[in-house]
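Residue numbers (my numbering), protein chains in the order written: chain C, 69 to 182; chain R, 23 to 135.
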């Protein structure tokens, strides 16, 4: 079945560091790809999505590019802030079914030191 | 208002007892979902309602029930809780199909003792 793999379980950075969180997917066709962010005590929040090969999604300084060739959707930010500390989920949208199902990766905990 | 509400936020249940979790949204979304999240695991879809039609995942088919009395409310029901049901339960909603983002509630943390 379809799946999403996030390589890093935890990432620890200092403010102004460059962030990369790796996300690879396994699915047929061109599934929609998402990034969600979850802050403590809250549910996951939609960050952005991409639906086509080479499409870039972006929000709040974060970005990711849909790469069909490498089946990847890596999250990047040029300069992280302490307020970016959260769990980041990569997800794949199952377009084949009614109801718009999401398949999530395990999540990456980002900790940013001031 | 893009808020999804969940009640209660914390639930303590005894093994063998029933559990009922509630979710509500006022965005007129036609689809509502329930996910289970355990530590070090990805959020796992349990079931969803598309309008009035309930869809349950194959591997959780017999473990969870749900009802949607109207467009705004959706419940998740466990008939007899076991220790393995201890988890965070996340409710989400969206409008339509085709790769749209889902809006999540803050979750209900269920502890079964």
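Ideal Cβ placement from N, Cα and C applies to all residues, glycine included.
Sorted by chain position, which residues of the same chain lie with C-beta nearer than 6 Å to residue 41/R's C-beta, five sequence neighbours on each side aside?
What you label residue 41/R is simply residue 19 of the second chain in a count that begins at 1. Same-chain partners within the cutoff: 35, 100, 103.
Name the residue from 182/C, 99/C, 176/C whose alpha carbon lies nearest to the alpha carbon of residue 89/C.
By one-based count along the first chain, residue 89/C stands at place 21. If we check each option's Cα against that of residue 89/C, 176/C comes out closest.
Compare the C-alpha of residue 92/R against each of 49/R, 38/R, 109/R and name the closest.
In the second chain, counting from the first residue as 1, residue 92/R sits at position 70. Per the Cα distances, 49/R.
Is there at least one Cβ from chain C nearer than 8 Å to residue 58/R's Cβ?
For the purposes of this step, residue 58/R is taken as the residue at position 36 of the second chain. No, its Cβ sits nowhere closer than 8 Å to a Cβ of chain C.
Span of the beta strand (DSSP E), counted from its first residue to its last, around residue 100/R
As a first step, residue 100/R must be located in the second chain, where it is residue number 78. Run containing residue 100/R: 95–100, per the beta strand (DSSP E) assignment.
With respect to the beta strand (DSSP E) encompassing residue 106/C, which residues constitute its N-terminal and C-terminal limits?
Taking the first residue of the first chain as position 1, residue 106/C is located at position 38. Where residue 106/C is concerned, the enclosing beta strand (DSSP E) starts and stops at 100–106.
Which one of 173/C, 182/C, 168/C has the shortest CA to CA distance from residue 100/C?
Here residue 100/C corresponds to residue number 32 of the first chain, with the count starting at 1. Comparing alpha-carbon positions, the option among 173/C, 182/C, 168/C lying closest to residue 100/C turns out to be 168/C.
Below 9 Å between beta carbons is the criterion; list the residues of the region 81–113 of chain R that meet it against any residue of chain C, in chain order.
112, 113
Report the partner residues of residue 125/C according to the DSSP bridge assignment.
The residue given as residue 125/C occupies position 57 in the first chain. Paired residue(s): 132/C.
Segment limits, beta strand (DSSP E) that includes residue 109/R
Here residue 109/R corresponds to residue number 87 of the second chain, with the count starting at 1. Segment 109–116, the beta strand (DSSP E) holding residue 109/R.
Could you check if residue 156/C is buried or exposed, using at least 16 other CB atoms within 10 Å of its CB as the buried criterion?
Within the first chain, the letter at position 88 stands for residue 156/C. With 16 or more other Cβ atoms within 10 Å, it is buried.
Pick out the complete beta strand (DSSP E) segments inside the region 56–89 of chain R, 3 residues or longer, and give them in chain order.
66–72, 75–78
For a minimum of 3 consecutive residues, which ranges assigned as the beta strand (DSSP E) are wholly contained in the region 69–95 of chain C?
71–74, 78–82, 87–89, 91–94
So that I know if they touch, is there some Cβ in chain R lying closer than 8 Å to that of residue 102/C?
The residue labelled residue 102/C in the question sits at position 34 within the first chain. At a cut-off of 8 Å between beta carbons, residue 102/C contacts chain R.
For residue 174/C, go through chain R and note every residue whose CB falls closer than 8 Å to its CB, in chain order.
Within the first chain, the letter at position 106 stands for residue 174/C. Result: 62, 63, 64.
For residue 114/C, decide whether its Cβ has a neighbour in chain R, counting only Cβ atoms nearer than 8 Å.
Against the first chain, residue 114/C aligns to sequence position 46. Yes - at least one Cβ of chain R is within 8 Å of the one on residue 114/C.
Taking the straight line between their C-alpha atoms, what separation do you get for residue 150/C and residue 78/C?
The count along the first chain starts at 1 and reaches residue 150/C at position 82. The count along the first chain starts at 1 and reaches residue 78/C at position 10. Rounded to the nearest angstrom, the two C-alpha atoms are 15 Å apart.
To the nearest angstrom, how far is the alpha carbon of residue 125/R from that of residue 125/C?
Here the question's residue 125/R lines up with position 103 in the second chain. Here the question's residue 125/C lines up with position 57 in the first chain. The straight-line gap from Cα to Cα measures roughly 18 Å.
Since residue 90/R and residue 110/R are thought to touch, with beta carbons under 8 Å apart, how far apart are those beta carbons, to the nearest angstrom?
Your numbering for residue 90/R matches position 68 in the second chain. Your numbering for residue 110/R matches position 88 in the second chain. About 21 Å separates the two Cβ atoms, so there is no contact after all.
Could you tell me the alpha carbon to alpha carbon distance between residue 138/C and residue 72/R, rounded to whole angstroms?
Position 70 of the first chain, counted from the start, is the residue given in the question as residue 138/C. Position 50 of the second chain, counted from the start, is the residue given in the question as residue 72/R. Taking the straight line from one Cα to the other gives about 33 Å.
When you compare the CB positions of residue 145/C and residue 133/C, do they come within less than 8 Å of one another, or not?
Locating residue 145/C in the first chain gives position 77, counting from the first residue. Locating residue 133/C in the first chain gives position 65, counting from the first residue. The answer is no: Cβ separation not under 8 Å.
Top-ranked residue by Cα proximity to residue 129/R, from 37/R, 83/R, 51/R, 112/R:
Reading the second chain from its first residue, position 107 is the one you call residue 129/R. Selected option, being the one with the closest Cα: 112/R.
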